[in-house]
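Peer 1:
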Amino acid sequence: MRTLKLALGITALLAAQHQAFATNWFELQNNEQPGAAPYTVWGFIQPQYVHNEGGAVNGIAAPAGAKAYNGQTALFNLVGPDVTHRDQLQIFRARGGVRGVIPGTDEKINYFVLGEVGNNGLTRERHAVLTDASVTFNQIPGARVRVGLGRLPLGEEAMQGVQIMDYINFTGVTDGLLNERQVAPYSTTRPTLPTLGVPFKISKISGAIAGYRDVGVEIYDWFRKDQWEYAYALMVSQGNGIGFDNTLNRGNHDVTGRLQASYVFGGKGPKREDATAYIWRQEGDRAFNGTDYARTREGVGAKYLRNGLRLGGEYIRGRGMIYVSPQPQFNDVGGSVAFEPVNMVAVESSNKASGYYLDMGWRFNQKWEADLRYDEFSKLTNSAFDERKTTTWTLGAQYFFSPALRFQVNYEIRNAKVVDPNAAGLSGTATQQHTQLSNNTTTLNTMGNRLSAQLTWIF
Amino acid sequence: MKRSKLVTCVAIASCMFLLSDASIAQEKSQAVAAVHAKYKVVFQVSDADPKKWGVALNNIKNVQEDLGKDNVTVELVAYGPGIGMLKFDSEVSGRIGEAVAAGVKVVACENTMEGQHLTRDDMNPATGYAHAGVVEIMKLQQDGYAYIRP
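Which chain is which? The protein sequence lines are Y and B, in order. The first sequence begins at 537 in my numbering and counts up by one. The second sequence begins at 26 in my numbering and counts up by one.
Dropping the structure here:
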């Protein structure tokens, strides 16, 4: 009993330290508190259960390569990253690391290292990866410098730590536009679904999902005047996600910047009570099959948190290197007739996608919080034939056992559609175009609602 | 005074030399471009073997890489048993799209299509059409195209 009390005491102390780390994401993730230890070991575990209600696809009449997928369940109705079951219990995230100030530097230099051994997009090729490995230099007034692997100064969802996220899943627009899939050209000797609209490039996802991170140099700082706080960040990075080298994609690079202003009501930590407005932009190139393509992402948003009430919203749009989807959107059934599922990418900068989310939460007592979010994501808005829109209502509840232990449940009401089922394509015959849109509609109509439950333990 | 005249003469001579050097380089570049513009090649695909389709597409890619995409005009003509290469769901459907995007003209023989009861709905959307594949090849050869049958 005494040991248990001691353990709980240490957990609460560490949790309190994390709460008090900082008052903005830059400070929270890149800096240490005054008097911080040379090293603090910390981490979190997120066991997760997901149930998808969507069923199998039926009714694809032609061509034979697509028809072969009748009876299969679309990937969006399967639990990632394995996409083999509609229901799955897994350790989704398990991260551990160390952070602190480097002794003998007068607390001017600190570091942050975090690894991931959970089962998610970051570990799709390796069982363990480093998600963060950076050193921050705080010698220059007004310009702190972080060097290494770390978060990009992007949108709000992309910046916040997943251990304190109010929802289990990211919105479609944040995941689709900012959580970059690194792709490599792919050639096959099996049939693939011909594109009839924008000429997509055939690719395969290569390496880890970027997880909103990159290797580079970030200059940032924040300034406080009375109750106002202003912050900026500018990061130059290699555009390769959590991969350490760029031998595969030598043309990749990014410049990302974010500005934000907050009116602070009070409190501190990630749940500081404030009203914040922000704007950000990312511009860079991606190398694909010997050509460099421009890639732009930008967004604007605001959030408000006071007296347990949270309101937030963000608009995000992107041009170039739009990851479309696997096509067909199924696991490969093999054989010489079925189309081989390949990852389609719209590489040219004329290709656009955009979306937004609105979010509200109410912590109506110390233990419980109710959450509600609506998000929309439209891909290929530049092509009526290719445009697809997904919308999601997320109903959520959180139960806080303690500052370090939290249970969440989310129910997502999901819809996806072909925006214009009668649109004309850019190539092929009218019959081919109609068949492809009809098949897409048949597939998207099987998208089901999703129930997720997750426990987060911060240690 | 004499020295200043000498300097002026040397300067003028240098400029003339540089100008002539530049114009020679320009002429060379134009000549090379003119020679390159003459590269034209037609690939015949008349076998039902998907391996040969792959070889044809590899050959085309190599030709474009070696000579430069802008310096060579490439056409692929499929007829007879080779028409399967250009069907909507052929094994190389994705590569056909890539080849067309890279500037290759891909042509299906309509006589063959008629014989095999194929319509344009059955064909790869990137495909172009010729009434008779063999006649298309004949015309291209008469027009100076090199002929390759992998």
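All C-beta atoms, glycine included, are put in the ideal place defined by N, C-alpha and C. Since we're looking at a predicted model, the values are computed, not measured.
State the DSSP-derived secondary structure class of Phe995(Y), mapped to helix, strand or coil.
Peer 2: For this step, residue 995(Y) is matched to residue 459 along the first sequence. If DSSP states are grouped into helix, strand and coil, Phe995(Y) belongs with coil.
Peer 1: Taking just the CA atoms, how far does Arg786(Y) sit from Glu116(B)?
Peer 2: As a first step, residue 116(B) must be located in the second sequence, where it is residue number 91. As a first step, residue 786(Y) must be located in the first sequence, where it is residue number 250. Approximately 31 Å, taken between the alpha carbons.
Peer 1: If you measure from the beta carbon of Gly153(B) to each beta carbon in chain Y, is any gap under 8 Å?
Peer 2: On the second sequence, residue 153(B) is found 128 positions in, with the first residue counted as 1. Chain Y contact via Cβ: absent.
Peer 1: Please compile the residues from chain B whose C-beta is within a distance smaller than 8 Å of the C-beta of Ala600(Y).
Peer 2: Residue 600(Y) sits at position 64 when you count from the first residue of the first sequence. Within 8 Å Cβ-Cβ: Asp114.
Peer 1: So, is Val577(Y) buried or exposed, given that buried needs 16 or more other C-beta atoms within 10 angstroms?
Peer 2: The sequence position of residue 577(Y) within the first sequence is 41, counting from 1. With fewer than 16 Cβ atoms within 10 Å of its Cβ, Val577(Y) is classed as exposed.
Peer 1: Does any residue of chain B bring its CB to less than 8 Å from the CB of Ile738(Y)?
Peer 2: Counting from one through the first sequence, the residue named residue 738(Y) turns up at place 202. It does: the Cβ of Ile738(Y) has a partner Cβ on chain B nearer than 8 Å.
Peer 1: On the CB-based measure, 16 or more other CB atoms within 10 Å of its CB, does Trp758(Y) come out buried or exposed?
Peer 2: Indexing the first sequence from 1 puts residue 758(Y) at position 222. The residue is buried, with at least 16 neighbouring Cβ atoms inside 10 Å.
Peer 1: Just the chain Y side, please: which residues come within less than 8 Å of Gly75(B) by C-beta, in chain order?
Peer 2: Within the second sequence, numbered from 1, the residue matching residue 75(B) stands at position 50. Contrary to the premise, residue 75(B) reads as Pro rather than Gly in this sequence. Correct list: Thr725.
Peer 1: If you draw a straight line from the C-alpha of Ile949(Y) to the C-alpha of Asn985(Y), how long is it?
Peer 2: Counting from one through the first sequence, the residue named residue 949(Y) turns up at place 413. Counting from one through the first sequence, the residue named residue 985(Y) turns up at place 449. So the alpha carbons of these two residues sit roughly 5 Å apart.
Peer 1: Output the boundary residues of the beta strand (DSSP E) element that contains Glu884(Y).
Peer 2: Sequence index remark: in the first sequence, residue 884(Y) carries index 348 (1-based). Taken as a continuous stretch (DSSP letters only), Glu884(Y) belongs to no beta strand (DSSP E), as it is neither H nor E.
Peer 1: Near Leu795(Y), what residues of its chain come up, given a Cβ to Cβ distance below 6 Å and the 5 sequence neighbours on each side ignored?
Peer 2: As a first step, residue 795(Y) must be located in the first sequence, where it is residue number 259. Correct list, in chain order: Tyr768, Ile815.
Peer 1: Jot down the residue ranges of each uninterrupted beta strand (DSSP E) in the segment 853 to 881 of chain Y, minimum 3 residues, whole runs only, in chain order.
Peer 2: Fully enclosed beta strand (DSSP E) runs of 3 or longer: 858 to 863.
Peer 1: What do you get for Phe921(Y), buried or exposed, if any count of 16 or more other CB atoms within 10 angstroms of its CB means buried?
Peer 2: Along the first sequence, read from residue 1 onward, the residue named residue 921(Y) stands at position 385. By the 10 Å Cβ count, Phe921(Y) comes out buried.
Peer 1: Let me know the secondary structure DSSP gives Gln166(B) once reduced to three states.
Peer 2: For the purposes of this step, residue 166(B) is taken as residue 141 along the second sequence, with counting starting at 1. Of the three classes helix, strand and coil, the one that applies to Gln166(B) here is helix, per DSSP.
Peer 1: For Arg842(Y), collect the residues of the same chain with a Cβ closer than 6 Å to its Cβ; drop the 5 residues on either side in sequence, then sort them by chain order.
Peer 2: Along the first sequence, read from residue 1 onward, the residue named residue 842(Y) stands at position 306. These residues qualify, in order along the chain: Phe801, Glu809.
Peer 1: Taking 8 Å as the threshold (C-beta atoms), are Glu850(Y) and Gly691(Y) in contact?
Peer 2: Reading the first sequence from its first residue, position 155 is the one you call residue 691(Y). Reading the first sequence from its first residue, position 314 is the one you call residue 850(Y). It is a contact, given that the beta carbons lie within the stated cut-off.
Peer 1: For Val586(Y) versus Asp618(Y), is the C-beta distance shorter than 8 Å?
Peer 2: Sequence index remark: in the first sequence, residue 586(Y) carries index 50 (1-based). Sequence index remark: in the first sequence, residue 618(Y) carries index 82 (1-based). No, the pair does not count as a contact, with Cβ atoms beyond the cut-off.
Peer 1: On the three-pair Cβ rule with 8 Å, is the segment 124 to 135 of chain B touching the segment 98 to 107 of chain B?
Peer 2: These segments touch.
Peer 1: Does the beta carbon of Phe824(Y) come closer than 8 Å to any beta carbon on chain B?
Peer 2: Residue numbering aside, residue 824(Y) sits at position 288 when the first sequence is read from its first letter. Not closer than 8 Å to any Cβ of chain B, the Cβ of Phe824(Y) fails to qualify, so no.
Peer 1: What residues from chain B crowd round Leu732(Y), counting only those whose CB sits closer than 9 Å?
Peer 2: Along the first sequence, one-based indexing puts residue 732(Y) at 196. The answer, in chain order, is Pro150.
Peer 1: Quick one: residues in its chain with C-beta nearer than 6 Å to the C-beta of Asn975(Y), no 5 flanking neighbours on either side, listed in chain order?
Peer 2: In the first sequence, counting from the first residue as 1, residue 975(Y) sits at position 439. Excluding residues within five positions, the ones whose Cβ falls inside 6 Å are Ile596, Ala602.
Peer 1: Does Gln990(Y) have its Cβ less than 8 Å from a Cβ in chain B?
Peer 2: Here the question's residue 990(Y) lines up with position 454 in the first sequence. Not an interface residue.
Peer 1: Who are the neighbours of Val753(Y) on chain B, taking C-beta pairs under 9 Å?
Peer 2: As a first step, residue 753(Y) is located in the first sequence; it is residue number 217 there, counting from the start. Within chain B, no residue comes near Val753(Y); the closest Cβ sits about 36 Å away, beyond 9 Å.
Peer 1: At 7 Å on the CB atoms, spell out the chain Y contacts of Ser118(B), in chain order.
Peer 2: As a working note, residue 118(B) is residue 93 in the second sequence. Under the 7 Å cutoff, chain Y gives Pro727, Thr728, Pro730.
Peer 1: Against chain Y, with Cβ distances strictly below 8 Å, would Ala81(B) count as a contact?
Peer 2: Here residue 81(B) refers to the residue found at position 56 of the second sequence. Output row for Ala81(B): interface = no.
Peer 1: Which residues mark the beginning and the end of the beta strand (DSSP E) in which Glu135(B) is found?
Peer 2: Working through the second sequence from its first residue, we reach residue 135(B) at position 110. No beta strand (DSSP E) holds Glu135(B); the alpha helix (DSSP H) holding it covers 135 to 140.
Peer 1: Val878(Y) touches chain B at which residues, Cβ-Cβ below 8 Å?
Peer 2: Stepping through the first sequence from its first residue, residue 878(Y) is reached at position 342. Those are Gly119, listed as they occur along chain B.
Peer 1: Run through the DSSP bridge pairs and tell me what Phe913(Y) is partnered with.
Peer 2: The count along the first sequence starts at 1 and reaches residue 913(Y) at position 377. Answer is Gly891(Y), Thr926(Y), bridged to Phe913(Y).
Peer 1: Looking at Ser988(Y) and Gln584(Y), is the spacing between their C-beta atoms short of 8 Å?
Peer 2: For the purposes of this step, residue 584(Y) is taken as the residue at position 48 of the first sequence. For the purposes of this step, residue 988(Y) is taken as the residue at position 452 of the first sequence. It is a contact, given that the beta carbons lie within the stated cut-off.
Peer 1: On the DSSP bridge list, what partners appear for Asn946(Y)?
Peer 2: Your numbering for residue 946(Y) matches position 410 in the first sequence. DSSP lists Gly932(Y), Ser988(Y) as partners of Asn946(Y).
Peer 1: Pull up the distance between the alpha-carbon of Tyr64(B) and that of Val160(B), whole angstroms please.
Peer 2: Along the second sequence, read from residue 1 onward, the residue named residue 64(B) stands at position 39. Along the second sequence, read from residue 1 onward, the residue named residue 160(B) stands at position 135. Roughly 20 Å between the two C-alpha positions.
Peer 1: To test your reading of the DSSP string, which unbroken beta strand (DSSP E) runs of 3 or more residues are found completely within the segment 622 to 700 of chain Y?
Peer 2: The segment 622 to 700 of chain Y contains these whole beta strand (DSSP E) runs: 623 to 637, 645 to 652, 665 to 673, 680 to 687.
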